[in-house]
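Chemist: Please read through the structure below; I'll follow up with questions.
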Amino acid sequence: MHTQAVRRYTMEVRATTENIPRIRRILAAHLRYWKLDGQVGPVCRAVDELVGNVVRHAEGDKAASVELRWNGRRLIVSVADGDPRLPRLTSAGPARGGLAAVALLSDSWGTCATADGKVIWFSRRVSRAGAAPLTGRVPLSTAGEGRPLPAAL
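The sequence shown begins at 1 in UniProt numbering and counts up one residue at a time.
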């Protein structure tokens with residue numbers, strides 16, 4: 001049985017307007033580290049919308065959890081908060097943002113209730129993620145000085 005390795009990053013945040021740029025920078029750094037540079041713009045824009053929704057609409061504690069998961073083919077991003085009310089997709093459109101913008105920036109999205117609130121997620125297919133494999137590789141011992149390494153690395 002072969003299982004796909006998964007890269008995962010989770011951060012607990014206080015959902016405030018002032019924290020959104022910091023959250024964006026941290027997520028962008030992780031995506032670049034995973035060689036997912038092409039995903040930085042759309043993922044950060046969608047997370048801005050989801051965290052912004054927590055700021056504007058969540059009642060009570062504004063604590064949220066943001067998670068990135070990448071399995072080599074699909075990037076799944078989620079934002080969880082403590083408000084049990086599920087969001088509704090309105091016809092406001094991407095110019096105004098919200099879930100309509102998330103829907104346009106993703107291949108799929110959804111929301112579900114949890115024991116202590118809700119989670120909203122979206123996913124994006126990743127056709128090519130740079131040269132970084134999910135699992136480490138042993139360096140070639142036969143590659144000599146000045147000799148280029150094979151492109152497969």
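Using N, Cα and C, we set each Cβ at its ideal position, and we do this for glycine too.
Is the beta carbon of N71 sitting closer than 7 Å to the one on V6?
Modeler: Closer than 7 Å, so yes.
Chemist: Answer yes if the segment 11-20 comes into contact with the segment 58-71, meaning at least three C-beta pairs across the two stretches below 8 Å, and no otherwise.
Modeler: Segments in contact, yes.
Chemist: Can you tell which of L27, D61 and E18 has the C-alpha that lies nearest to the C-alpha of D116?
Modeler: Comparing Cα positions, the closest option is D61.
Chemist: Only counting the same chain, and skipping five residues up and downstream in sequence, which positions put a Cβ closer than 8 Å to that of V54?
Modeler: Hits under 8 Å: A15, K62, A64, V79, D81 and D83.
Chemist: Distance check for H30 and R125, CA to CA, integer angstroms please.
Modeler: Whole-angstrom Cα-Cα distance: 17 Å.
Chemist: If I measure Cβ to Cβ from R45 and keep anything under 8 Å in the same chain, skipping five residues before and after, which residues do I get?
Modeler: The residues are A101 and L105.
Chemist: Could you tell me if A113 is buried or exposed, where buried requires 16 or more neighbouring beta carbons within 10 angstroms of its beta carbon?
Modeler: Under this definition A113 is an exposed residue.
Chemist: Rounded to whole angstroms, what is the Cα-Cα separation between V77 and V47?
Modeler: Whole-angstrom Cα-Cα distance: 8 Å.
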